[in-house]
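Notes follow once the structure below has been shown.
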Amino acid sequence: ETSTIRIGSGGIMLPNHSALKVAENFRLLETMFPGRIDLGMGRAPGGDRLTAAMLNPSNSFSEQSYFTQLEHLQAYFTDQAETQYGSLLAVPQCVGIPQQWILGSSAGGSSLIAAKYGLGLVVARFISGQADGSITEQYRKHFRPSELFPEPKAMLAISVFCAATEEKAAQLRKLSDHNLLKFERGIFEPLSPYSEIADHEFTPGELLRINNNKGRIVSGTPGQVKDQLTALAEEFEVDEIIVTTMTYSKADRFESFRLLAEAFQ
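Residue -1 is where the sequence shown starts when you use this note's numbering, and the numbers rise one by one after that.
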């Protein structure tokens, strides 16, 4: 049982859900683990339009609708929600409010939304390898202090594959590159084991896409990964890093986490 690790969501795609449902789910988590809950939110559908429409039939996919949801969410968390039918309380009641973060991949847009509402910013480098330090610079410049965040706070989200040897790290990287290419072609399939793609030779076009995506991933031995993440943290001036490690093998994922933790001890 953990006692200090923070838990929550790296990014709930808010337009796919009811703001009330999200508020109640995270109030429950805050009640169970007070002061340890992070609520990360994004505005992308997170998949195809049909799936998004089925998840939330009232989703208009508009920017204003997203703003409205954010405002409703703040009202639910502070017991100030008013509807056309009267006031509404999100349950359960709890003392604290989960820390809230806005997921963004480029300057403007999400970084300004996070600044406007006084929320934390998560730079989604695992989505856009071209994201650079300008996104956090703009966020800090326009930040409005809030009860949750008296000062701006930024986080970097990136894919990480850490292995004991360079050979193993290269295998995990190749598997990730292969799956990213499938995803970009609209092929949504379960992850493949490395043995199925070990002999695959990427085409020139695929190599070009892999090169364009290289900023989304950090891979290598513990020392190499630590150096790369430290450099990125300095470039983006972030307070912390959140990693995603999508592997076919659960053992590979856990080993990556273990080696990464040891590297930063």
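Virtual Cβ for every residue (Gly too), placed ideally from N, Cα, C. Just so you know, these numbers come straight off a predicted model, no measurement behind them.
Rounded C-alpha distance that separates residue i from residue j
| i | j | result |
| --- | --- | --- |
| residue 91 | residue 85 | 15 angstroms |
| residue 258 | residue 159 | 9 angstroms |
| residue 54 | residue 63 | 12 angstroms |
| residue 169 | residue 196 | 8 angstroms |
| residue 214 | residue 208 | 10 angstroms |
| residue 43 | residue 228 | 31 angstroms |
| residue 141 | residue 118 | 10 angstroms |
| residue 247 | residue 192 | 9 angstroms |
| residue 189 | residue 198 | 15 angstroms |
| residue 315 | residue 171 | Missing from the structure shown is residue 315; the chain here goes from -1 to 263 and no further. |
| residue 182 | residue 80 | 42 angstroms |
| residue 87 | residue 72 | 12 angstroms |
| residue 202 | residue 157 | 24 angstroms |
| residue 205 | residue 240 | 27 angstroms |
| residue 98 | residue 175 | 31 angstroms |
| residue 256 | residue 58 | 42 angstroms |
| residue 211 | residue 226 | 16 angstroms |
| residue 266 | residue 78 | A query on residue 266 cannot be resolved here, the shown segment of the chain reaching from -1 to 263 and no further. |
| residue 52 | residue 16 | 13 angstroms |
| residue 48 | residue 61 | 18 angstroms |
| residue 30 | residue 4 | 12 angstroms |
| residue 146 | residue 76 | 12 angstroms |
| residue 165 | residue 249 | 17 angstroms |
| residue 200 | residue 120 | 32 angstroms |
| residue 163 | residue 173 | 16 angstroms |
| residue 216 | residue 8 | 18 angstroms |
| residue 185 | residue 23 | 31 angstroms |
Beta-carbon proximity list for residue i, same chain, < 6 angstroms, skipping 5 on both sides
| i | result |
| --- | --- |
| residue 236 | 152, 153 and 154 |
| residue 6 | 35, 36 and 37 |
| residue 28 | 35, 92, 94 and 96 |
| residue 251 | 243 and 245 |
| residue 218 | 167 |
| residue 238 | 153 |
| residue 224 | 261 |
| residue 56 | none |
| residue 138 | 150 |
| residue 113 | 137, 140 and 141 |
Nearest-angstrom beta carbon gap, residue j and residue i [assumed within contact, 8 angstroms]
| i | j | result |
| --- | --- | --- |
| residue 39 | residue 18 | About 14 angstroms; that fails the 8 angstroms criterion. |
| residue 21 | residue 74 | 4 angstroms |
| residue 148 | residue 93 | Not really, about 18 angstroms apart at Cβ, beyond 8 angstroms. |
| residue 109 | residue 122 | Not really, about 11 angstroms apart at Cβ, beyond 8 angstroms. |
| residue 116 | residue 144 | 3 angstroms |
| residue 125 | residue 111 | Not a contact, Cβ separation roughly 16 angstroms. |
| residue 221 | residue 161 | Going by Cβ atoms, the distance from residue 221 to residue 161 rounds to 12 angstroms, so no, they are not a contact pair. |
| residue 41 | residue 89 | That belief does not hold up - the Cβ atoms of residue 41 and residue 89 are roughly 26 angstroms apart, past 8 angstroms. |
Bridge partner(s) assigned by DSSP for residue i
| i | result |
| --- | --- |
| residue 217 | 159 |
| residue 97 | 36 |
| residue 86 | 79 |
| residue 102 | 121 |
| residue 241 | 156 |
| residue 10 | 39 |
| residue 5 | 35 |
Beta-carbon proximity list for residue i, same chain, < 7 angstroms, skipping 5 on both sides
| i | result |
| --- | --- |
| residue 180 | 187 |
| residue 233 | 131 |
| residue 231 | 154 and 239 |
| residue 0 | none |
Chain-order list of residues whose beta-carbon lies under 8 angstroms from that of residue i (same chain, five-residue window excluded)
| i | result |
| --- | --- |
| residue 2 | 34 |
| residue 254 | 158, 159, 160, 161, 170, 243 and 245 |
| residue 10 | 20, 37, 38, 39 and 40 |
Given 8 angstroms, three or more beta-carbon pairs between the region 127 to 135 and the region 57 to 72
no
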